[in-house]
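> Numbering (the numbering used here), first residue to last: 197 to 346.
Glycine included, every Cβ here is placed at the ideal spot set by N, Cα and C.
(1) With a cut-off of 8 Å on the beta carbons, I'd call residue 227 and residue 245 a contact; round off their distance for me.
(2) Using a 10 Å radius around the Cβ and a threshold of 16 neighbouring Cβ atoms, would you call residue 269 buried or exposed?
(3) Answer yes or no: do residue 292 and residue 206 have a C-beta to C-beta separation smaller than 8 Å?
(4) Can you have a look at residue 230 and say buried or exposed, based on whether 16 or more other CB atoms are within 10 angstroms of its CB?
(5) From which residue to which residue does the beta strand (DSSP E) around residue 292 run?
(6) Does DSSP put residue 212 in a helix, a strand or coil?
In structure tokens:
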């Protein structure tokens, strides 16, 4: 059996999470929010901040790294959440309705970003969405009904 502490450590290192509601901490800047999983993993502060800046720059947020969540648009907040999910180089990213709060253009851009990130970093993205058009962009789709894959 694996302890809760070991399980948490495994999740933090190997799985990135992106939620519909970004779960950004309001008192922290974009940079600090992205660094949190790295700090939990006891990574060096300078190394974590450099990686976070690299991710935020890649996501087009280099000019927003010192802004707090309430100073960012919904799409910017979501990209901060994406960077946070990627900070520990997880093998798998689980995204639960990641574009649920975005307009259709931003949602499409976010899903295209996932493909770009997959290709650049070689990570697996598992997306949960009710948007069939966006799901159709995926390499593979599974449909659930009443908690069962159909």
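In short:
(1) 7 Å
(2) exposed
(3) no
(4) buried
(5) 288-292
(6) strand
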